[in-house]
Amino acid sequence: MSASVAVYRGVYTEDRFKQAYGSEDSANGSLRLRDKLAGKCRCSTRAFLHLLRERVPIFKWLPRYRLKKWIVGDTIAGLTVGVLHIPQGMAFALLTSVAPIFGLYTSFFPVILYMLFGTGRHVSTGTFAVVSLMTGSVVEQLVPSPLDLNSSSSEAADFEAQRIGVASAVALLSGILMLCMCGLQLGFLSTYLSEPIVKAFTSAAAFHVTISQLQSMLGLRLPRHTGTFSLFKTLASVMENLPHTNMAELLISLVCLAVLVPVKEINRRYRQRLCTPIPVEILTVILATGVAYASSLDSSYNIEIVGHIPAGFPRPQMPALHTLPDIAGDTVAITFVGYAVSVSLAMIYADKHGYSIQPNQELLAHGISNTISSFFTCFPSSATLATTNILESAGGHTQLSGLFTSLVVLIVLLLIGPLFYFLPKAVLACINVTSLRQMFLQFQDLPELWRISRIDFMVWVVTWLSVVVLNVDLGLAIGVVFSMMTVICRTQRANCSVLGRASNTELYRPLENHSKCYEVPGVKILTYNGPIYYGNRSFFREEISRLLGLTPEKIRSWEKARKALEKREREAAVNTVERGITNTSFSLENEFFKSGEKSLCCGLRWTAVSMDVVSKTANITAYFLGRLFFLCCAETAESDVQAVVIDCSSVIFVDVAGARLFTQMCTECQKVGIYVFLANCNESVLKMLTSSGLMNYMNPQHIFVTVHDAVMYIQQQKEKPLENTTTVWV
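Per our numbering, residue 68 is the first one in the sequence shown, and the count goes up by one each step.
Right, here's the structure in full:
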């Protein structure tokens with residue numbers, strides 16, 4: 068049996084509540100603001116150390132590192148991911164249209180830098196297929212590859228230098244954009260790339276990656292298509308050149324796929340039982356390199372191989388700065404995609420393991436990573452899906468795992484890199500395709516997405532089709548715009564409901580969903596579940612008019628009646644003055660209807676004279692006609708709505724157009740004898756309404772803290788009770 072609690076308190080308007088429980092005056096507030104600014108500008112050793120720990124998080128988590136508990140997991144996870152970085156780095160370099168060695172560089176520098184500045188404990192950074200594909204499109208546009216280029220000539224070296232210069236310029240500009248966004252505290256922008264957009268985009272981009280790798284898997288030497296409809300152009304070119312397929316490279320691709328796909332499936336299904344995932348990629352690379360070297364496949368069957376991979380550390384050099392104006396537009400899209408994917412992955416694993424991510428610090432970490440790495444011939448980097456998943460499943464605990472990952476890549480760079488000279492590029496293409504398996508599996512989420520939200524389902528489908536049909540950059544932009552349009556449409560057509568009161572409570576719920584709630588007699592309680600701004604003010608006005616029955620005909624009829632009564636008042640007043648009789652005026656208006664100005668309908672003032680005066684003026688007919696007219700108006704007012712309470716609890720903001728609409732609505736309601744009350748207004752809404760001049764048309768005492776306060780006030784004004792308290796039964 069539920070217990071009932073009686074709560075006794077006074078009726079609170081907003082003014083009365085602020086007087087009792089309001090904030091301090093503005094002078095104290097401004098003084099507090101000055102103190103706050105002065106405190107932030109004050110320099111001290113403690114403030115410097117705090118800033119250092121915030122901006123370089125390794126100084127925060129490394130002193131708290133649990134060596135015995137975490138070191139084994141970080142070591143195993145870091146070494147496992149490092150082994151995976153080697154083949155993926157070289158493979159994704161092909162997507163970027165640069166030499167494989169630059170993929171190894173990109174798998175080294177960003178990992179070290181993110182370990183110092185990143186806040187994601189389970190995030191693995193490096194080369195990412197989608198970002199590499201988008202960067203490769205930019206490189207192909209500015210430095211297209213000639214078909215007759217000799218790989219051993221000096222022209223080939225200059226050609227590779229031009230390409231990596233463009234790719235490094237993209238990384239530099241992307242890093243600068245992220246640093247600027249961090250300075251402006253724009254980490255929240257990643258929220259505009261919702262989960263359906265990110266998943267649809269990555270899934271569609273996987274098709275672009277797969278189609279772009281077909282020519283390497285088939286041994287075809289074809290130019291890379293970019294721009295709109297590039298996927299279909301590439302597919303048509305491959306189909307047209309199928310008779311020229313290199314059968315040896317096709318056989319290598321089939322064997323690699325036959326090995327990679329089953330082993331990856333084993334890693335996925337039995338990852339809880341395996342101490343570390345089977346490093347099938349690096350094993351495939353080693354075996355394929357050995358077979359190609361022993362059989363001289365490059366000379367015997369004209370197989371395209373990786374070629375020379377220089378050993379040692381890369382020398383710092385400037386990116387191609389002269390290309391910055393040409394790559395600016397594409398770099399913006401690459402920056403947003405890389406950052407959105409990185410933050411999304413970081414937040415997923417942060418929620419799973421119970422720690423928090425700082426989006427602006429992530430901007431700083433990836434901005435520094437891309438900026439510094441660009442001077443060491445690296446292309447844009449971001450967090451990666453496959454390696455992050457492996458890092459977490461292999462038992463990684465902190466960012467220290469990145470140290471062991473970079474050590475593995477460093478050993479390859481210094482010692483082992485030249486041994487991959489005979490590695491067939493078809494093997495790297497197969498690694499690219501199989502690494503996208505998780506993205507293809509995202510189609511499995513569509514039935515559940517349809518069941519949960521059909522709007523999000525449409526966002527997913529529109530984004531996917533746009534990316535596949537048009538292009539990666541343009542498709543992403545269309546997906547974002549369409550997603551924002553769905554939000555705008557939902558705010559334009561928000562639900563407007565009539566609230567009813569639950570018996571013996573102060574709870575008010577929509578009548579359409581709660582049939583046992585009842586409407587308060589003579590009071591219409593409305594709620595609007597959305598903002599009121601220029602985009603939906605017409606819809607809001609139509610809904611309010613429909614629910615209140617405020618038709619233009621009704622407003623005109625009441626206006627006509629008001630003018631007729633005012634005319635009779637003036638005629639009676641003139642007759643009274645002419646006869647030298649004192650005019651005794653009284654108002655039949657109830658105190659409930661006093662709103663700081665003359666009531667226009669139910670508070671119609673009727674000037675009467677006593678019966679002896681009327682007899683002297685011989686205007687008995689006018690008296691009874693006026694009396695009859697007033698009684699008719701009063702009877703109509705009793706049967707219609709006399710007051711409307713607007714629950715603003717779901718109105719998150721109001722713009723100037725919405726505030727003016729409130730003024731118009733208040734005026735129109737007063738014309739037909741309906742008084743407007745507001746309740747549950749937040750501070751920003753109340754400030755906007757007050758600043759727009761609504762209080763010139765509405766009594767400030769008609770704005771209440773809760774709906775129940777407004778209803779109790781209306782009922783008190785009708786019944787004129789002596790006490791000024793409400794009883795709320797919960």
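For glycine and all other residues, C-beta sits at the position ideal for the given N, C-alpha and C.
Values in this document were obtained by computation on a predicted structure and should not be read as measured data.
How many angstroms separate the CA atom of residue i from the CA atom of residue j?
i	j	result
Phe84	Val772	7 angstroms
Ala777	Gln737	17 angstroms
Thr52	Ala493	With the chain represented from 68 up to 797, any question about residue 52 goes unanswered, as that position is not in the structure.
Pro386	Tyr595	55 angstroms
Leu532	Val328	26 angstroms
Val404	Ser257	9 angstroms
Glu702	Val739	Reliability of the predicted coordinates at Glu702 is poor, the pLDDT of 42 falling under 50, and the value obtained from them is presented with this limitation in mind. Answer to the nearest angstrom: the Cα atoms are 13 angstroms apart.
Leu543	Thr530	7 angstroms
Gly693	Ile741	Low local confidence applies: a pLDDT of 49 at Gly693 is under 50, so the model's placement there is unreliable, with the coordinate-based value given in what follows. Taking the straight line joining both Cα atoms gives about 22 angstroms.
Tyr79	Asn749	15 angstroms
His275	Asp523	23 angstroms
Gly597	Ile478	58 angstroms
Glu638	Gln709	29 angstroms
Leu244	Gly434	7 angstroms
Val347	Lys331	8 angstroms
Arg230	Thr558	47 angstroms
Phe29	Thr277	In the structure displayed, the chain extends from 68 to 797; residue 29 sits before or after that span and is not available.
Leu209	Ala272	21 angstroms
Tyr56	Gly602	Summary: the structure shown does not reach residue 56, with the chain confined to residues 68 through 797, and so no result is reported for it.
Ser706	Val718	Low confidence applies to Ser706: its pLDDT is 43, below 50, so where it sits in the model is not reliable, and the reading given next is rough at best. Roughly 30 angstroms separates the two Cα atoms.
Gln505	Cys497	15 angstroms
Lys621	Leu541	52 angstroms
Arg76	Leu574	16 angstroms
Ala685	Lys630	In this prediction, Ala685 scores a pLDDT of 42, lower than 50, which makes its location untrustworthy; the coordinate-derived value is nonetheless stated afterwards. One C-alpha to the other measures close to 23 angstroms.
Thr649	Glu636	Legend: pLDDT at Thr649 = 46, less than 50; position of this residue unreliable, no value from coordinates given.
Need the endpoints of the beta strand (DSSP E) that residue i sits in, please.
i	result
Arg576	575–577
Lys492	Lys492 -> not in any beta strand (DSSP E); alpha helix (DSSP H) instead, spanning 492–501.
Thr254	It is worth fixing the name first, because residue 254 is Gly in this sequence and not Thr. Gly254 -> no beta strand (DSSP E), and no H or E assigned at all.
Tyr742	742–746
Arg568	563–568
Val712	710–714
Rounded C-beta distance between residue i and residue j? I'm assuming under 8 angstroms.
i	j	result
Met201	Ala400	7 angstroms
Ile333	Ile349	In fact, because the Cβ distance is near 16 angstroms, the residues do not count as touching under 8 angstroms.
Leu480	Leu171	6 angstroms
Cys563	Glu610	4 angstroms
Phe489	Ala359	4 angstroms
Gln384	Thr444	6 angstroms
Pro447	Val237	6 angstroms
Ala325	Ile370	Rounded, the Cβ-Cβ distance is 18 angstroms, inconsistent with contact.
For residue i versus residue j, is the C-beta distance shorter than 9 angstroms?
i	j	result
Pro124	Phe176	no
Ile319	Leu364	yes
Val178	Val476	yes
Ser423	Ala453	no
Ser283	Ser212	no
Asn747	Cys715	yes
Leu161	Asn499	yes
Thr402	Ser241	yes
Ile770	Phe744	yes
Gly145	Leu412	no
Gly254	Leu430	yes
Leu495	Ala196	no
Between which two residues does the alpha helix (DSSP H) carrying residue i extend?
i	result
Cys323	314–336
Cys249	221–250
Ala158	134–162
Asp393	391–420
Leu593	Note, Leu593: premise wrong, no alpha helix (DSSP H); beta strand (DSSP E) at 590–595.
Phe169	167–173
Ala453	452–460
Ile435	426–441
Ala387	From DSSP, Ala387 is part of no alpha helix (DSSP H); its letter is neither H nor E.
Ser473	468–478
Glu207	196–209
Could you tell me whether any Cβ in chain D is nearer than 9 angstroms to the Cβ of residue i?
i	result
Met414	The structure shown contains no chain D; it holds only a single protein chain.
Legend entry - Three or more C-beta pairs below 8 angstroms linking the region 180–191 and the region 454–461: yes
Legend entry - the region 253–269 contacting the region 293–301, beta-carbon criterion three pairs below 8 angstroms: no
Legend entry - the region 407–424 in contact with the region 131–143 per 3-pair CB rule at 8 angstroms: These segments do not touch.
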